[in-house]
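See structure below.
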Amino acid sequence: MKIFLNLEPPYEWVRVNGLKVEAFGEVDQLNEYPIGDEDEVVGVIPSAAVTMHRVTLPAKTRKQFATALPYALEEAISEDVDNVHFVYPVWKAGEACNVYTVSKQRMREWQALATENQLPVQQLLPSHALVPFHEAAECSLALVGDQVIAHNKNGYGISLDRDLLDVWLLEMPVTTTIAVNNEDLTESLIAKHADRDFRHWPFGHKMAHWLEYPWQATVDLWGEKYQPRVRRHRKGAMLIPVLLIAGALLLKLGYDTYRYIALHSEIAAIQRESQNVIKNTFPELGDVPAGTERTLIERAIQQRQSPAAKKSVHSALAEVAAVLSRNRVTLTSIVYRNEELIVTCLLNNFSQVDLINTQLNARKSISSTLQSSASEDGKVIASYSIRQR
905 MKIFLNLEPP
915 YEWVRVNGLK
925 VEAFGEVDQL
935 NEYPIGDEDE
945 VVGVIPSAAV
955 TMHRVTLPAK
965 TRKQFATALP
975 YALEEAISED
985 VDNVHFVYPV
995 WKAGEACNVY
1005 TVSKQRMREW
1015 QALATENQLP
1025 VQQLLPSHAL
1035 VPFHEAAECS
1045 LALVGDQVIA
1055 HNKNGYGISL
1065 DRDLLDVWLL
1075 EMPVTTTIAV
1085 NNEDLTESLI
1095 AKHADRDFRH
1105 WPFGHKMAHW
1115 LEYPWQATVD
1125 LWGEKYQPRV
1135 RRHRKGAMLI
1145 PVLLIAGALL
1155 LKLGYDTYRY
1165 IALHSEIAAI
1175 QRESQNVIKN
1185 TFPELGDVPA
1195 GTERTLIERA
1205 IQQRQSPAAK
1215 KSVHSALAEV
1225 AAVLSRNRVT
1235 LTSIVYRNEE
1245 LIVTCLLNNF
1255 SQVDLINTQL
1265 NARKSISSTL
1275 QSSASEDGKV
1285 IASYSIRQR
């Protein structure tokens, strides 16, 4: 499996198995990333730190191309070429080549971060390389905060301020179909550029959303010079600590077994007393089989609730149903306790998780809090806590 992780805040991570997102999240520090022994680690850096150029040079060999490249790009680069790291993963003699340029100082900083935090990053990508493509578009625009990340199918990518988007479009052919992840930005672009083809495609604004779609990222910015040398922990080195822990667990298990046998009679007495308390408090339940106490008590409490409380629950459920129906998602579970309605839904993808929560909170009579979300069999399961305002 691959695990993608940001080397700069926000420290977002995504674990991918093939083309399926297995898990994702954020951590406070780089050394808190949940990297498994078998994970192939891919580092992601901001596209704003990487500049891409389309270069054609009359070079017959890769060595000749490398020699001539700094002089060819000298006027296009804002700093001294001696301070620039050049990367061109796919080069063929006589053909145009995508060349990525990064400050050597930034490369050394990311190398140090990976080394200091024991991150075995095998591949380094600019964030635009993960922005997905719609089958009917040649280019995708992802609005992330105040920045717009552009990714073209020819490999060209850039990060720019939203205010500079009109200038960037001057370099794009008018016939290019462009997919945009934000509806307001799509409408604004259509209004300004009626002669261009912009299409709203809500593929999300986070790395976890983008990796739900097929991705092709052949670039690796490390190069031999900057690749961090981080050793993974060998399983054999952990054998002695594991044996010590196993021995301690066996000793504790033996002690706990002795304690259980010694206290068995007291536990039985407590169970009998618990049955008496339930019978006195909820006489309508009669005999309560062991293991069903919680379920039967919750049912009894719900039956004792006033009509006003039931009406409140029905009102909240109606609000929830309106939102779920509009988004075409399935309600799989409902639980009501302590004036709180817990609803569990089957969503189509992770981009709907935040969208559903936002729309629930937009209702005047209820408030919503996301409790959990997880991927299962190609679908996303999310649980929300609903309360009356």
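First residue of the sequence shown: 905, per my numbering; consecutive thereafter.
Beta carbons: idealized from backbone N, C-alpha and C, even for Gly.
Quick caveat: nothing in here was measured; it's all calculated off a predicted structure.
Environment of residue i [buried if 16+ CB atoms lie within 10 Å]
| i | result |
| --- | --- |
| Met-1011 | buried |
| Gln-1009 | exposed |
| Tyr-1004 | buried |
| Ser-1169 | exposed |
| Tyr-1164 | exposed |
| Glu-1075 | exposed |
| Ala-1220 | buried |
| Thr-1273 | exposed |
| Ser-1277 | buried |
| Glu-1116 | buried |
| Asn-1002 | buried |
| Gln-1015 | buried |
| Gly-922 | exposed |
| Ile-1171 | exposed |
| Ala-1286 | buried |
DSSP state of residue i mapped onto helix, strand, coil
| i | result |
| --- | --- |
| Val-1257 | helix |
| Val-1048 | strand |
| Tyr-975 | helix |
| Gly-929 | strand |
| Trp-1160 | The sequence as given places Asp at residue 1160; Trp does not occur at that position. Asp-1160 falls in the helix class under three-state DSSP. |
| Ser-1277 | strand |
| Ala-1286 | strand |
| Asp-1295 | Any question about residue 1295 goes unanswered here, given that the chain covers just 905 to 1293. |
| Arg-1299 | Residue numbering for the chain in the displayed model covers 905 to 1293; residue 1299 lies beyond these limits and cannot be assessed. |
| Ser-1271 | strand |
| Ile-939 | coil |
| Lys-967 | helix |
| Glu-1170 | helix |
| Asn-1058 | coil |
| Ile-949 | strand |
| Leu-1074 | coil |
| Glu-1177 | helix |
| Ile-907 | strand |
| Thr-1196 | coil |
| Ile-1165 | helix |
Nearest-angstrom Cβ-Cβ length linking residue i and residue j, presumed shorter than 8 angstroms
| i | j | result |
| --- | --- | --- |
| Glu-901 | Lys-906 | Here the chain covers residues 905 to 1293 and nothing more, so residue 901 does not appear. |
| Trp-1006 | Pro-1132 | Reading off the sequence shown, one finds Val at residue 1006, where the question assumed Trp. Between Pro-1132 and Val-1006 the Cβ distance is about 15 angstroms, and since that is not below 8 angstroms, they are no contact. |
| His-871 | Phe-1254 | Residue coverage of the chain in this structure runs from 905 to 1293, which leaves residue 871 outside it and unanswerable. |
| His-898 | Ala-972 | It is not possible to answer for residue 898, since the shown part of the chain is limited to 905 through 1293. |
| Lys-1096 | Asp-1070 | 7 angstroms |
| Leu-1028 | Trp-1126 | 5 angstroms |
| Ile-1270 | Arg-1241 | About 16 angstroms; that fails the 8 angstroms criterion. |
| Glu-912 | Val-920 | Wrong, their Cβ atoms sit about 20 angstroms apart, outside the cutoff. |
| Val-846 | Val-1284 | Residue numbering for the chain in the displayed model covers 905 to 1293; residue 846 lies beyond these limits and cannot be assessed. |
| Val-931 | Ala-1018 | Val-931 to Ala-1018, Cβ: 15 angstroms. No contact. |
| Leu-1251 | Val-1257 | 6 angstroms |
| Leu-1064 | Val-1078 | The Cβ separation is near 19 angstroms, so there is no contact. |
Short CB-CB distance (under 9 angstroms) between residue i and chain D
| i | result |
| --- | --- |
| Tyr-1130 | Among the protein chains of the structure shown there is no chain D, as only one such chain exists. |
Residue i Cβ short of 8 angstroms to the ligand GDP heavy atom set
| i | result |
| --- | --- |
| Val-948 | The ligand GDP is not part of this structure, which contains no ligands at all. |
- Report yes or no: do three or more beta-carbon pairs, one from the stretch 1087-1105 and one from the stretch 1038-1055, lie closer than 8 angstroms? Contact between the stretch 1087-1105 and the stretch 1038-1055 is present, because at least three Cβ pairs lie under 8 angstroms.
- In the stretch 991-1042, which residue ranges form an unbroken beta strand (DSSP E) of at least 3 residues, counting only runs that do not cross its ends? 1001-1007, 1025-1030
- Message: Is it the case that the stretch 1042-1054 contacts the stretch 1081-1089, given that we only count it when at least three CB pairs across the two stretches are under 8 angstroms?
- Response: yes
- Run through the stretch 1079-1153 for me and flag every whole beta strand (DSSP E) of 3 or more residues, listed as ranges in chain order. 1081-1084, 1101-1104
- Would you mind listing the alpha helix (DSSP H) stretches within the stretch 1220-1266 that are 4+ residues and don't spill past its ends, in chain order? 1255-1265
- Cβ pair count under 8 angstroms reaching 3, the stretch 930-939 against the stretch 947-958: no
- Mind the definition here: the stretch 1256-1267 touches the stretch 1212-1231 only if three or more C-beta pairs lie below 8 angstroms; say whether that holds. These segments touch.
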